[in-house]
Each structure stands twice: as C-alpha cells, then as structure tokens.
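S.K.: Okay, so the sequence shown: first residue is 81 according to my numbering, each after it adds one.
All C-beta atoms in this analysis are idealised placements derived from N, C-alpha and C, irrespective of residue type, glycine included.
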Amino acid sequence: MWRQLKISLSFDQGEILVFELPFSDIVGSKLRPVLVVSNSNYNKSGNDIIVAKITGSKFNTQWETEMTNNHLEMGKLKKTSFIDSGFIFTIEKSIIKKAIGKLKSKHLKIVLGKINQIIEIK
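1) Check whether the region 182–199 touches the region 130–150, counting contact only when three or more Cβ pairs, one atom from each stretch, lie closer than 8 Å.
2) Take the Cβ of G126 as the centre, count every other Cβ of all protein chains shown within 10 Å, and call the residue buried at 16 or more, exposed below.
3) Is DSSP giving K124 helix, strand or coil here?
4) In angstroms with no decimal places, state the Cα-to-Cα distance between Y122 and E144.
5) Alpha carbons only, please: which of K173, I163, K177 is nearest the one belonging to I195?
6) According to DSSP, is K138 part of a helix, a strand, or is it coil?
7) Please go through the same chain and pick out, in chain order, the residues whose beta-carbon is closer than 6 Å to the beta-carbon of V116, but skip the five residues on each side of it.
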C-alpha cells in the first residue's frame, strides 16, 4: 500500500504525501503529511507541486476538512486528520519521501472548493 517515490514521477491531485520539512536552524527536520492540490498537468511541468497542510490538530475553522480512513480511496491513516485549505504552499518534489494514500474524489472536491472560496478563482 505504501510506495517509495522517485523524483521523476508525477503526482496526482488528491495524493497524500510525506515530505521532509527542515527546521529553521537547518540542523534537523520532521516528516509532515500534505495533500496534493495542484493538477496533474502542473505537477508534470516542473520540479514543484502545490500542497495543502495536513495536521492531527483540530482548530475548528471553516477552512479545515476532516479526513478519516472512510475518505480515502487508498492508504490508511493512523488517526483522524484535518486538511487546512487556508495553508497551501509549494514544495520541491525532491523533498518528498513517500506517498501514503489518496483522497476520494468527492472529498477532494470539498477541499478544492474551500481553496476556491479563499482565493476566489472565477
């Protein structure tokens, strides 16, 4: 179910990945989960992908979306997590360690809808 990734692979929108987040002192790092929100065409076009933060902490904002194993097309979560649609950023493919799952299309649409509300793409 888990798979190791090579940098040359493209990533699909809705994939849940783990990447290495360096600490500000550059001495250490921590593995963090993210959801790929950029589309496959964008993901194939360069060295970066656009992702949303996934956290185990609930902050009770309208921009977070609960994610359980029932929301996954594949993979398995250790615990209920939350996708923060207000925290999107770009990461280089080179710091991605592995793919751990994929969000069901229906649930992905909810997340993308919240991102669209935040940045008002028309």
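M.R.: Straight from the coordinates:
1) yes
2) Under a 10 Å Cβ-count criterion, G126 is classified as exposed, with fewer than 16 other Cβ atoms of the shown protein chains found around its own Cβ.
3) helix
4) 24 Å
5) I163
6) Note: K138 maps to coil in three-state DSSP.
7) F91, Q93, E95, I129, V131
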